[in-house]
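Chains as they are written, first to last, in our numbering: chain A, 1 to 163; chain B, 164 to 592.
Just so you know, even glycine gets a beta-carbon here, dropped at the ideal spot from N, CA and C.
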Amino acid sequence: MSTQRQSVKDIVTAPAAGQAALLQALLAVQDASPENYVSEEAVNEIAHLLGISRSRVYSTASFYSVISLKPRGRHIVRVCINAPCENAGKQAVLAALEQELGVGLGCTTPDGRFTLEGVSCLGACYMSPAIKIDNQLYGDLTAEAAVAIIRRCREEENIGHTA
Amino acid sequence: MGTQLDSAKSVFRLGLFRDFPTLMHYRDFGGYQALAKALAGSPEAVIGDIGAAGLRGRGGAAFPTAAKLQMVRDNPPGERYVICNADEGEPGTFKDRFIMTHIPFQLLEGMTIAAYAVGAAQGFIYIRHEYPEAQETMRRAIAAARAAGLLGGDILGSGFSFDIEIFSGAGSYLCGEETALLSSIEGKKGRPRLKPPYPTQSGLWGRPTLINNVETLANIPPIVDRGPDWYRALGTADSHGTKLISLSGDVVRRGLYEVPFGTTFREIIDNCGGGVRQGRLKAVNIGGASGVVVPPWELDCPLEYSACGQHGITIGSGAVFVMDDSRSILENVRNRVDFFLHESCGKCTPCREGLRQAGRIIHRLLAGNAVLADIDNLERYTRTMQNAAFCGLGQAAGNSLISSLKYFRGEYEAMCRDRGEAAPKEATA
């Protein structure tokens, strides 16, 4: 936790933070967290550093669907649930992902690797159905392709750990 | 991505900038000539050119851009801001993403010219969180423009200074509404504010603020560079220039297309999209989730503000989503209602509760538990949302409902338990 506290201070007091600080600080703190969330300690620290109340920080943090106040997996798998993807076969892709990961929408795998989330339009309707894993976009998916992507992510992470 | 307009008749020349979003490449094709030309003249001349070109906002509201620029310019001296709305959350739309990842410098140049016109020294680009690659490309483009003296202090030796910061959204569709976007930059919940005062008078941190969509700002350099007459010749007498169309759904070639105003929706689907992939055309959703659902016989309407207005078609962001005859209208409307219910901020009752009730009725219809009276109630709730919601989100949330009830009421009625039971109470009286 102390590492997150340190980074909170670095992020919030960075010269680049500028006037428009709160939402960008919350996003940066979340990105720096290995569990992809903004902890209660981090909220306290942000409030202290910006000189605003904790309730102000919570008010903003809880409004935005990208910001999580609960720990999540190391990788966020976002499935577009909007109409173009829905019509292009999102249901089959989602079902395959749920089966492969063993969890439903909004849940994190027991090993703490993946959180499965729904998202409103990834702006990839020309290659629907689409999903995004962290910052990487995948389109024109089938159930099999989606499962293969998850398996490749696992392998890459395993290699990263042993290297 | 599909066929593109001849570059002499194109505002975006996307074919030229397929994989080279470099400053050198952009300048090789005439980039930043418009900025040099603008800075050599007066801010009034820039607004005059944009007004003569007849440019209107491309984010959905179609407000005349020159009038907005003039409103911000007319404020008493003092700090003011230019904000580019790149919170492209309208489902089915991906045009702004392509501008940012393929022609980022055209957007920066347009913003800089707009800033010169209104007298702003600071700009923000509010990019949605779902577009990290666009955020990254824009950051690199800003750094390159600064290094070349095209952003920052004393741009091109003119004495005019302007700089741009990237601001990331955090997954809220509502933040595409301009006042909600302002609240979001200020660190608050992205909820809309009462208008007036309009952002042109009291915007970011209470200062006058110009807020324009990505596509609108990217239209400015070609207008200034090639002149309003060239631009006006691209469209029709009513609507000038071109429009980016995000084409998706059951067509052969999905993708981004630039078409001149006056092109019909049928031409967009057949010529750009190569027609319906299989089966027959059943319905087209125009303008994204906040747009309308229309049947094939409305598709000869030209893409033009007045004609679309007469046909009840919302051009909106330019999303065209095609459905073949295997698709259920009700399922698609359910998807839209679920989307808006999730994105509603809960501030006003018509939107918050209206969507909840509409959602219940649609789900009841799909489960086969609804009665014909439910459809009338659905229509009433929808009218209430359209007339009484606080902001554009709630007002537009009813568009797909009302239009589908108008054109596809039979599909709703077919799902009712008491269908076919004639109940003409008045007749017995």
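Minimum Cβ-Cβ distance from residue i to chain A less than 8 Å
{"i": "Ser402(B)", "result": "no"}
{"i": "Met578(B)", "result": "no"}
{"i": "Phe257(B)", "result": "yes"}
{"i": "Ile306(B)", "result": "Per the sequence shown, the amino acid found at residue 306(B) is Ala instead of Ile. No, no contact with chain A."}
{"i": "Ala229(B)", "result": "no"}
{"i": "Pro254(B)", "result": "yes"}
{"i": "Leu186(B)", "result": "no"}
{"i": "Gly350(B)", "result": "yes"}
{"i": "Ala311(B)", "result": "no"}
{"i": "Met301(B)", "result": "no"}
{"i": "Leu168(B)", "result": "no"}
{"i": "Ser321(B)", "result": "no"}
{"i": "Glu378(B)", "result": "no"}
{"i": "Glu207(B)", "result": "no"}
{"i": "Glu251(B)", "result": "yes"}
Buried or exposed by the 16-neighbour rule on C-beta atoms within 10 Å, applied to residue i
{"i": "Phe268(B)", "result": "buried"}
{"i": "Asn562(B)", "result": "buried"}
{"i": "Pro34(A)", "result": "exposed"}
{"i": "Lys172(B)", "result": "exposed"}
{"i": "Arg519(B)", "result": "exposed"}
{"i": "Thr342(B)", "result": "buried"}
{"i": "Ile288(B)", "result": "buried"}
{"i": "Pro240(B)", "result": "exposed"}
{"i": "Thr183(A)", "result": "It is not possible to answer for residue 183(A), since the shown part of chain A is limited to 1 through 163."}
{"i": "Thr142(A)", "result": "exposed"}
{"i": "Ile432(B)", "result": "buried"}
{"i": "Gln441(B)", "result": "exposed"}
{"i": "Gln473(B)", "result": "exposed"}
{"i": "Gly531(B)", "result": "exposed"}
{"i": "Asp539(B)", "result": "exposed"}
{"i": "Lys358(B)", "result": "exposed"}
{"i": "Ser2(A)", "result": "Confidence at Ser2(A) is low in this model, with a pLDDT of 45, below 50, so the placement of that residue should be treated as unreliable; the coordinate-derived value is given next. Exposed is the call here."}
{"i": "Lys70(A)", "result": "exposed"}
{"i": "Pro110(A)", "result": "exposed"}
{"i": "Ala230(B)", "result": "exposed"}
{"i": "Lys9(A)", "result": "exposed"}
Cutoff 8 Å: residue i Cβ touching any chain B Cβ
{"i": "Val66(A)", "result": "yes"}
{"i": "Ile159(A)", "result": "no"}
{"i": "Asn36(A)", "result": "no"}
{"i": "Val119(A)", "result": "yes"}
{"i": "Ala32(A)", "result": "no"}
{"i": "Leu116(A)", "result": "no"}
{"i": "Leu27(A)", "result": "yes"}
{"i": "Arg5(A)", "result": "With a pLDDT of 49 at Arg5(A), under the threshold of 50, the modelled position of this residue cannot be trusted, and the question is left open."}
{"i": "Arg154(A)", "result": "no"}
{"i": "Lys9(A)", "result": "no"}
{"i": "Leu105(A)", "result": "no"}
{"i": "Leu69(A)", "result": "no"}
DSSP beta-bridge partners of residue i
{"i": "Ala95(A)", "result": "Answer is none; Ala95(A) lacks a bridge partner."}
{"i": "Arg78(A)", "result": "Glu117(A), Lys132(A)"}
{"i": "Ser331(B)", "result": "Ile290(B)"}
{"i": "Thr142(A)", "result": "Paired residue(s): none; Thr142(A) is not in a bridge."}
{"i": "Arg465(B)", "result": "The displayed chain sequence assigns Pro, not Arg, to residue 465(B). Pro465(B) pairs with Thr427(B)."}
{"i": "Ser62(A)", "result": "The partner list for Ser62(A) (beta bridge, DSSP) is empty, contrary to what the question assumes."}
{"i": "Ser409(B)", "result": "Leu419(B), Ala482(B)"}
{"i": "Asn448(B)", "result": "Val456(B), Phe484(B)"}
{"i": "Leu137(A)", "result": "Lys132(A)"}
{"i": "Val439(B)", "result": "Val414(B)"}
{"i": "Thr108(A)", "result": "Thr115(A)"}
beta-carbon residue i near the ligand GDP non-hydrogen atom, thresh 7 Å
{"i": "Lys569(B)", "result": "As far as ligands go, the structure on display features none, and thus does not contain the ligand GDP."}
(message) Taking beta-carbon pairs under 7 Å, can you tell me which members of the region 84-103 of chain A lie near chain B?
(response) Pro84, Glu86, Asn87
(message) Runs of 3 residues minimum, wholly inside the region 477-531 of chain B: which ones carry the beta strand (DSSP E) assignment?
(response) 482-487, all fully within the region 477-531 of chain B.
(request) Scan the region 123-152 of chain A for residues whose Cβ lies nearer than 8 Å to a Cβ of chain B and list them as they occur along the chain. (result) Gly123, Ala124, Cys125, Tyr126, Met127, Ser128, Lys132, Asn135, Leu137
(request) Counting only runs of 4+ residues fully inside the region 219-249 of chain B, write out the alpha helix (DSSP H) ranges in chain order. (result) 228-236
(request) Go through the region 172-220 of chain B residue by residue and report every complete run of the alpha helix (DSSP H) that reaches 4 residues or more, in order. (result) 186-191, 196-203, 206-216
(request) Would you list, in chain order, the members of the region 499-515 of chain B that have their beta-carbon closer than 9 Å to a beta-carbon of chain A? (result) Arg499, Asp501, Phe502, His505, Glu506, Cys508
(message) List, from N- to C-terminal side, the beta strand (DSSP E) runs of 3 residues or more that fit wholly inside the region 312-382 of chain B.
(response) 326-331, 372-376
(request) Could you name the residues of the region 43-66 of chain A whose beta carbon sits closer than 7 Å to any beta carbon of chain B, in the order they occur along the chain? (result) Across the region 43-66 of chain A, CB contacts with chain B closer than 7 Å involve Ser59, Thr60, Phe63, Tyr64, Ser65, Val66, in sequence order along the chain.
(request) Please list the residues of the region 263-295 of chain B that have a C-beta atom closer than 9 Å to any C-beta atom in chain A, keeping them in chain order. (result) Phe287, Arg291, His292, Glu293, Tyr294, Pro295
(message) Suppose only complete runs of 4+ residues qualify. What are the alpha helix (DSSP H) ranges in the region 253-310 of chain B, listed by chain order?
(response) List check, alpha helix (DSSP H) in window: 258-265, 267-281, 295-310.
(message) Short of 8 Å Cβ to Cβ, which residues in the region 555-585 of chain B face chain A?
(response) none
(message) For a minimum of 4 consecutive residues, which ranges assigned as the alpha helix (DSSP H) are wholly contained in the region 381-406 of chain B?
(response) Within the region 381-406 of chain B, the complete alpha helix (DSSP H) segments at least 4 residues long are 391-395, listed from N- to C-terminus.
(request) Report the residue ranges of all alpha helix (DSSP H) runs contained in full by the region 555-589 of chain B; include only those spanning at least 4 residues, in chain order. (result) 555-560, 562-570, 572-577
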